[in-house]
Amino acid sequence: MKIGYAFCSNDAYDENEAFLTKAGCDRCLHDRMGHGRQTLRNIRMLLRADDTLVIRAARQAAGTIQDLELLVHDVVAAKAELSILVGNHTTQSIVQSLELVRAFSSRCPPTDAAEASDPSPAPQAGRVPDRRRERREPNRPMNEDYVLLRLAGGEAVSSIARDFGVTWHRINMIRKRHQTG
Numbered sequence: 222m223k224i225g226y227a228f229c230s231n232d233a234y235d236e237n238e239a240f241l242t243k244a245g246c247d248r249c250l251h252d253r254m255g256h257g258r259q260t261l262r263n264i265r266m267l268l269r270a271d272d273t274l275v276i277r278a279a280r281q282a283a284g285t286i287q288d289l290e291l292l293v294h295d296v297v298a299a300k301a302e303l304s305i306l307v308g309n310h311t312t313q314s315i316v317q318s319l320e321l322v323r324a325f326s327s328r329c330p331p332t333d334a335a336e337a338s339d340p341s342p343a344p345q346a347g348r349v350p351d352r353r354r355e356r357r358e359p360n361r362p363m364n365e366d367y368v369l370l371r372l373a374g375g376e377a378v379s380s381i382a383r384d385f386g387v388t389w390h391r392i393n394m395i396r397k398r399h400q401t402g
């Protein structure tokens, strides 16, 4: 079954529904902006093998990279497929993109030398880590300029701390140090 999902305002829902219906979705569900993605959470729990979750754009699928990782993890665990229409992304292309992001991320270095030098382009689909259980390291190296750039962009201290795998206090101290200095 092809299930379409949209995260949009009520005004934009008709346009998104038409787009998803044209893509061949049997059913279209949506969440309103400002109210979270509860319908998407329900869809993720109810996905079955051979279902396809179709989403118009990546921003409708997730608000952060970690949310996208968890979505892909749930889709792969259910043996379903994910299709993001804008950009023509499939489950495999999203998994590969997430692997690439992880390769350049300071918080997820390769675990051993063999993995770092492995030239094979085929990542394991089930290797999306569970970020909720990851331990925070207080002395993890981080680029303060990048943190300040994200803070200037209006991003929350807690979400930046989660992305770097450090405590909220560490990001807040960087913010305070550069406010007064």
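Residue numbers (the working numbering): 222 to 402. We treat Cβ as the ideally placed atom computed from N, Cα and C, and that holds for glycine.
Helix, strand or coil at residue i according to DSSP, with G and I counted as helix
i, result
"Val368", "helix"
"Glu302", "strand"
"Leu289", "helix"
"Arg265", "helix"
"Val378", "helix"
"Arg258", "coil"
Local Cβ density within 10 Å of residue i, reported as buried at 16 or more and exposed below that
i, result
"Ala322", "First, the amino acid is wrong: residue 322 is Val here, not Ala. Val322 comes out exposed."
"Thr273", "buried"
"Asp271", "exposed"
"Ala227", "buried"
"Asp295", "buried"
"Val387", "buried"
"Met363", "buried"
Beta-carbon gap between residue i and residue j smaller than 9 Å
i, j, result
"Arg269", "Ala301", "yes"
"His399", "Glu376", "no"
"Leu267", "Leu292", "no"
"Ile264", "Ile224", "yes"
"Glu238", "His251", "yes"
"Val378", "Leu370", "no"
Check: residue i C-beta below 8 Å from any heavy atom of the ligand MN
i, result
"Glu365", "Among the components of this structure there are no ligands whatsoever, and the ligand MN is therefore not found."
Span separating the alpha-carbon of residue i from that of residue j
i, j, result
"Phe240", "Ile315", "21 Å"
"Lys243", "Val368", "41 Å"
"Ala282", "Arg383", "19 Å"
"Arg391", "Cys229", "34 Å"
"Gln317", "Arg253", "29 Å"
"Phe325", "Ala279", "20 Å"
"Tyr234", "Thr311", "23 Å"
"Asn393", "Val275", "38 Å"
"Glu290", "Lys397", "31 Å"
"Asn309", "Arg258", "22 Å"
"Glu236", "Val307", "14 Å"
"Cys249", "Ala299", "19 Å"
"Ile381", "Glu320", "20 Å"
"Ile395", "Trp389", "10 Å"
DSSP beta-bridge partners of residue i
i, result
"Arg248", "Ile224"
"Thr311", "Ser304"
"Val275", "Gly225, Ser304"
"Arg391", "Answer is none; Arg391 lacks a bridge partner."
"Arg253", "Cys229"
Contact with chain B by residue i, beta-carbon distance below 9 Å
i, result
"Gln317", "Reference to chain B is not applicable here, since this structure consists of a single protein chain."
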